[in-house]
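Each position in the sequence shown, counted from 1, maps to that position plus 196 in the numbering used here.
Below is one structure, written out as structure tokens; comments come after it.
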Amino acid sequence: MTAVSERICPHCCNPIYDDDALLCHFCGNSVGTGSSGAMGLMRGAGMKVFLTVLACLLVLGMILQMI
Ligand SMILES: [Zn+2]
């Protein structure tokens with residue numbers, strides 16, 4: 197017997213039975229739990245690192261042009 201993947205909405209505390217649901221059926225807020233949330237967080241961090249590296253490269257390019 198497998199456990200029912202029931203989640204609780206952090207906003208309205210209603211149970212969410214749909215495992216793939218990203219939004220709460222009751223209040224419409226996003227349910228930020230599960231592996232998908234962690235993946236989204238990692239993707240966001242990766243994007244931030246990419247933008248930071250891009251900015252550093254641009255600054256480096258400007259410094260090299262000044263020399
Ligand atoms: Zn809710």
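A virtual CB, placed ideally from N, CA and C, is assigned to each residue, including glycine.
Neighbour-count burial assignment, Ser-231, 16 or more Cβ in a 10 Å radius: Any reading at Ser-231 must be qualified, since the residue scores a pLDDT of 47, below 50, and its modelled position is unreliable; the value itself is stated next. That one is exposed.
Exposure label - Ile-212; buried when at least 16 CB within 10 Å: buried
Please confirm whether any heavy atom of ligand 1 lies closer than 8 Å to the CB of Gly-242. no
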